[in-house]
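Residue numbers (full-length UniProt numbering): 1 to 252.
For every residue, glycine included, the Cβ atom is placed at its ideal position computed from N, Cα and C.
Contents: one structure, followed by commentary.
Here is the structure:
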């Protein structure tokens, strides 16, 4: 075999090897592209599943609150109304009038509470308005002094998200009233460029965060609610120095 023929054979072999390398590269590229596409589809499917589970959990919790609201309004409300009427008809002077007035006040607050936990009532109003109404209700109860402030320009959000945010703050306020022995509670709602930040702060007895589960306060439920909507909830407390909740929801 002369030198020219050998050179031709070498070129053919190199060309074949090059084509094989190109084919292998193309097949590998197609495989990786398909693999990445399948991974993206899997991640999206998992996200859709998680969103569906979250929405189902929200609907179940709201349905439970709706039923409780109806029970409070229809059953207990009727009993208090009947007790008020009977107290007004009993001859007992100023004492019975005071009893009737107290029952009437309790009936009004029961109706306000029933409305505050009823999803149908909350759906018709914004997060800001719901918080304002809840703060006003707490002030009427006179267990503590509650303040509210709004900072920044409000942005419209998904009503389901607003309900969950309101439930988180409502739960914190309820725990404050039940356990903290606080005299003051402050709620601050701030609309920033990238996120909504809600801060709730009381001046109560506080607690040891490491013993939160042992306390049975129920604040751990706040984290679970926040996860449902992609929010972050940070609870900090020092014994004797009150408790703070910082709730952050990204604004897309």
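Between the alpha carbons of residue 138 and residue 188 lies a gap of roughly 15 angstroms. Residue 200 and residue 132 have their C-alpha atoms some 13 angstroms from each other. Proximity of the segment 227-236 to the segment 162-170 meets the contact definition, three or more beta-carbon pairs being nearer than 8 angstroms. Within the model, the alpha-carbon separation for residue 172 versus residue 180 is close to 10 angstroms.
The criterion of a C-beta distance shorter than 8 angstroms is not satisfied by residue 151 and residue 196. Between residue 193 and residue 240, the gap from beta carbon to beta carbon reaches 8 angstroms or more. Using a 10 angstroms sphere on the CB of residue 134, the tally of other CB atoms reaches 16 or more, which defines it as buried.
Counting C-beta atoms within 10 angstroms of its own C-beta, residue 174 has fewer than 16 neighbours from the protein chains shown and is therefore classed as exposed.
For residue 252, the secondary structure class from DSSP, reduced to helix, strand or coil, is coil.
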